[in-house]
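Read through the structure below, which is laid out as structure tokens, and then see the notes.
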Amino acid sequence: MQDKVDAKIQEMLAQGIIEPAIGQTEWISPMVVVPKGKDDIRLCINMKFPNQAIQREHYPLPLIDTLLNKLKGAKYFSNLYTTSAFYHIELHPVSRGITTFMTNRGLMRFTRLMFGINCAPEIFNRYYLFERKITRPSIETNACSTQNHLDVLGYNVSADGISPSDSKIDAISNFRTPVTKKKHEVS
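Heads up: the sequence shown begins at 0 in numbering that gives the first Met the number 0, then just goes up one per residue.
See the structure below:
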């Protein structure tokens, strides 16, 4: 297991996701290794105490209705699949110290937004959905692969409008018929 941890730390260093923490730091969090799939691992940092000190932006996450309204009138759509999504957002050098964690190679800290920080989802959504304008109805078709419809969060979005996804309708239509009232009551 230690070889996998060393390899993962080296990979993250090479990709610029983490860096050695030089000098004194106010925060040091423990690292937990979690199996990921058959042969991979995930390094999880327990941010319980640093999360209590982080001043959150409290940026409201958009409701699905808001996002769907932004797509009205669009003719071309594209899916954006992002691997290790939070790592695409760089942390300001002043903010990196709070992400310091222990390894057998010494103290490391994140240079990128990390999983486990309590404000990561709102920062990611603000950045990708609003600052980068990912949900804009007009896109340049030469910039990415496009299609004439998009299945998103249970909805089919196309130039013709917005409707429930066929898979969701099928799931309801093909649901087993209740035999007794008691058997299908929700407790």
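Backbone N, C-alpha and C define an ideal beta-carbon position, used for all residues, glycine too.
In the three-state DSSP reduction, residue 11 falls in the helix class (H, G or I). Between residue 116 and residue 56, the gap from beta carbon to beta carbon reaches 8 Å or more.
Between the region 165–185 and the region 90–101, the count of C-beta pairs closer than 8 Å stays below three; the two stretches do not touch. In the three-state DSSP reduction, residue 90 falls in the coil class, being neither helix nor strand.
For the options 151, 50, 3, the alpha carbon positioned closest to that of residue 37 is the one of 3. Within 10 angstroms of the beta-carbon of residue 166 lie fewer than 16 other beta-carbons, which makes it exposed. Around the beta carbon of residue 28, 16 or more other beta carbons sit within 10 angstroms, so the residue counts as buried. Between residue 104 and the set 20, 16, 14, the nearest pair of CA atoms involves 20. Checking the DSSP bridge columns, you'll see residue 30 partnered with 44.
By the Cβ-count criterion, residue 33 is exposed, with fewer than 16 other Cβ atoms from all chains shown falling within 10 Å of its own Cβ. Taking all protein chains shown into account, residue 65 has fewer than 16 neighbouring C-beta atoms within 10 Å of its C-beta and is therefore exposed. The continuous stretches of alpha helix (DSSP H) do not include residue 102, which lies in the beta strand (DSSP E) extending over residues 100–102.
Taking C-beta separations shorter than 6 Å and ignoring five residues to either side along the sequence, the partners of residue 86 in its chain run 16, 111, following chain order. In this structure, DSSP gives residue 56 a state outside helix and strand, which the three-state scheme calls coil.
Residue 41 counts as exposed, since fewer than 16 other C-beta atoms from the protein chains shown sit within 10 angstroms of its C-beta. Taken through DSSP and simplified to helix, strand or coil, residue 157 comes out as strand. Per DSSP, residue 109 is one residue of the beta strand (DSSP E) stretching across 105–109. If the five residues before and after residue 31 are omitted, its C-beta is found closer than 7 Å to the C-beta atoms of 43, 45, all from its own chain and listed in chain order.
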